[in-house]
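Working notes, beginning with the structure itself.
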Amino acid sequence: MSDGFQPIPVTTDEPVLAAADVSVRRGSQPILEDLSLSIPAGSRTLVRGPSGAGKSTLFSVLGLLEPPDSGRVLVDGTDASGLSERQRARLRRDAIGFVFQDFQLVPDLTVHENAVLPQHHGGDRDEAWVDELLETLAVADRADRYPATLSGGEKQRVAIARALANRPDVVLADEPTGQLDPETTERVVGLLVDVQESAGTALVTISHDPSLEGLFDRTVTLRDGRLLEE
Ligand SMILES: Nc1ncnc2c1ncn2[C@@H]1O[C@H](COP(=O)(O)OP(=O)(O)OP(=O)(O)O)[C@@H](O)[C@H]1O
């Protein structure tokens, strides 16, 4: 393979999340082609790629938000393609945390109410864990405020707390710093990595931002529908 890229080797580790020969088309256009990826427990993976490469599509497929046209997505060894919509939603809720570029906080809930939301949807109640997350992410003093009164960096830190509220096996973050300035980006990603490490969860982050690379165990690039390891 040219330009320093190598195909990603198949790993024998127990992955918390795996895509096996996944393909997605939009009309006649192939977006992901026989893509395979294995996310070991507790690991940190950065996914890069040019605009339109299919990064958000990959995020949806890995997060069980959208089924692939072919291939399999396995979460904790469970093949999601064999599940009903309800079972898939439960697996998603229990095993995966999401962080979005636009935060997606609920405007009429407070910071604390937003952060505990995944636990209200059937997860185990553990308010002390949520309080600890808000503390670590330095937004505990904002607990009773509403999202509209927070800065972008604060909103994203609340969204990170929410993503970890159910102690998921893996957190998926799609351009989590896309709306933040460089200084805030550094702080937010530093804290994201801190809580990811202390929770022992795996982290998959999709980002254009080259400044993040040093914080990840590996960087993979989406190109021509396939992932290549740098
Ligand atoms: N619902 C859709 N219908 C048709 N085409 C789509 C749809 N969603 C995405 N696409 C196309 O699929 C391709 C991949 O889109 P995707 O959003 O996954 O890329 P991306 O790498 O996340 O891009 P960016 O970095 O610009 O956000 C693009 O060519 C896009 O136009």
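Following UniProt numbering from start to finish, the sequence shown increments by one per residue and tops out at 230.
Each residue gets a CB set at the ideal place from its N, CA and C atoms; glycine is no exception.
Remember, predicted model here, so these are calculated numbers, not experimental data.
Query, Result
"Look at LEU180 and VAL170 and say whether their C-beta atoms are less than 8 Å apart.", "no"
"Hey, how far is the Cα of LEU164 from the Cα of GLU154?", "16 Å"
"For a test of the three-state rule: what should DSSP assign to ASP21, helix, strand or coil?", "strand"
"Report whether the distance from the Cβ of GLY52 to the nearest heavy atom of ligand 1 is below 7 Å.", "yes"
"Could you check what DSSP says for LEU172 in three-state terms: helix, strand or coil?", "strand"
"Verify whether the separation of the beta carbon atoms of GLY52 and LEU172 is less than 8 Å.", "no"
"Can you give me the C-alpha to C-alpha distance between GLU230 and THR219, rounded to a whole angstrom?", "6 Å"
"Please name the residue, chosen from PHE59, THR205, ARG93, ILE39, that lies closest to LEU215 on a Cα-to-Cα basis.", "THR205"
"Who pairs with residue 236 in a beta bridge, going by DSSP?", "Since the first residue shown for the chain is 1 and the last is 230, residue 236 is missing from the structure and cannot be characterised."
"Can you tell me whether GLN87 is buried or exposed, with buried defined as 16 or more other CB within 10 angstroms of its CB?", "exposed"
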